[in-house]
Amino acid sequence: MAVSGRFITFEGGEGAGKSTNVRMLKDALEKLGHVVVLTREPGGSPGAEEIRKLLVDGAVDRWDSMTEALLHFAARRDHVARIILPALSRGEWVISDRFADSTMAYQGYGHGIELQKISKLQALSIGGLKPDLTIMLDLPVETGLDRAGARGDEESRYERMAGGFHQRLRDGFLDIAKREPERCVVIDATCALEAVHDAIRTAVADRFSVVLT
Ligand code: TMP
4 MAVSGRFITF EGGEGAGKST NVRMLKDALE KLGHVVVLTR EPGGSPGAEE IRKLLVDGAV
64 DRWDSMTEAL LHFAARRDHV ARIILPALSR GEWVISDRFA DSTMAYQGYG HGIELQKISK
124 LQALSIGGLK PDLTIMLDLP VETGLDRAGA RGDEESRYER MAGGFHQRLR DGFLDIAKRE
184 PERCVVIDAT CALEAVHDAI RTAVADRFSV VLT
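This is the structure in structure tokens:
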């Protein structure tokens, strides 16, 4: 399938403020007249949303690490095939709240699955599809977990994971960004919302040569 749209992903640990910022970026791009598909993982397609329920709720040790990674990739494959690639082939912008870097960070760096195994699963399930730009919202683990806890939503399975898990995945995201600087932009998410949004607008403007207001 020929791909002519733009693909932006947002990544980060718990409570980094992704959902607010993806909506603000969508609004800014729509003001320029672009068609924007806002989606998320795990989920984003009807089948993947069903799989999401198995992942974000219930006992922390509900799955062994590899089963969990396979569930994320099963959801992602469906999401890519049914939502992301069709939108990109129509020339639309796709913004996804999380994508494959989350599996590398959470199941790889966090749970300790060998990173090469995650890369192989990724190639098997979605081929070479990569975002054009990945915004990584970074903040200290405690700040993020406090914010996420204050939200009080039901989907808390990952928030409840302990034992340095969240620090490992934060370090993992920063490591991924260091290895792929042409794709990834790290933004300090402890700043005020407007400052974070400004930094996101600048990253998008630089990457795609658009002027965002
Ligand atoms: P959300 O809270 O950003 O909607 O994401 C749900 C949880 O799923 C979040 O705690 C991170 C986790 N997750 C993974 O562990 N691996 C993945 O590949 C993805 C996409 C999410």
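Using the working numbering, read the sequence shown as starting at 4 and increasing by one per residue.
C-beta atoms are modelled at their ideal positions from N, C-alpha and C, and glycine is treated no differently.
All figures in this text were calculated on a predicted structure; none of them were measured in a lab.
- With a beta-carbon spacing of about 6 Å, Glu14 and Thr137 fall inside the 8 Å limit used to define contacts.
- CA-to-CA, the gap between Leu41 and Val97 works out to about 6 Å.
- At the C-beta level, Lys29 and Leu140 stay beyond 7 Å of one another.
- Residues of the same chain with a CB within less than 6 Å of the CB of Asp135, apart from the 5 flanking positions on each side, are Arg9, Phe10 in chain order.
- The C-beta distance from Arg171 to Gly61 rounds to 22 Å, too long to meet the 8 Å contact threshold.
- DSSP assignment within the stretch 74 to 137 yields the following whole alpha helix (DSSP H) runs of 4 residues or more, N-terminal first: 88 to 92, 118 to 129.
- Taking C-alpha positions only, Leu73 is separated from Leu124 by approximately 8 Å.
- Around the CB of Gly111, 16 or more other CB atoms lie within 10 Å, so the residue is classed as buried.
- Of the candidates Lys56, Gly147, Asp104, Asp104 places its Cα closest to the Cα of Ala126.
- With fewer than 16 other Cβ atoms inside 10 Å of its own Cβ, Pro184 counts as exposed.
- In the pairwise beta carbon analysis, the stretch 175 to 183 is classified as not touching the stretch 41 to 56: fewer than three pairs are separated by under 8 Å.
- Here the distance from the Cβ of Ser105 to the nearest heavy atom of the ligand TMP is below 6 Å.
- Approximately 6 Å separates the beta-carbon atoms of Glu44 and Ser99; this is inside 8 Å, confirming the contact.
- In the DSSP assignment, Leu41 falls within the unbroken beta strand (DSSP E) covering 39 to 43.
- Annotation: the continuous beta strand (DSSP E) that includes Gly15 extends over 9 to 15.
- Burial check for Glu162: the Cβ neighbour count within 10 Å reaches 16 or more, so the residue is buried.
- With fewer than 16 neighbouring CB atoms inside 10 Å of its own CB, Gly131 falls in the exposed class.
- When distances are taken from the beta-carbon of Tyr109 to the heavy atoms of the ligand TMP, the shortest one is below 6 Å.
- With contacts defined as CB atoms closer than 7 Å, Ser128 and Ile86 fail to qualify as a contacting pair.
- Nearest to Phe176 by alpha-carbon distance, out of Leu118, Met69, Gly166, Glu158, is Leu118.
- Between the ligand TMP and the CB of Glu44, the shortest heavy atom gap is smaller than 6 Å.
- Annotation: Trp66 to Pro143 spans about 27 Å, alpha carbon to alpha carbon.
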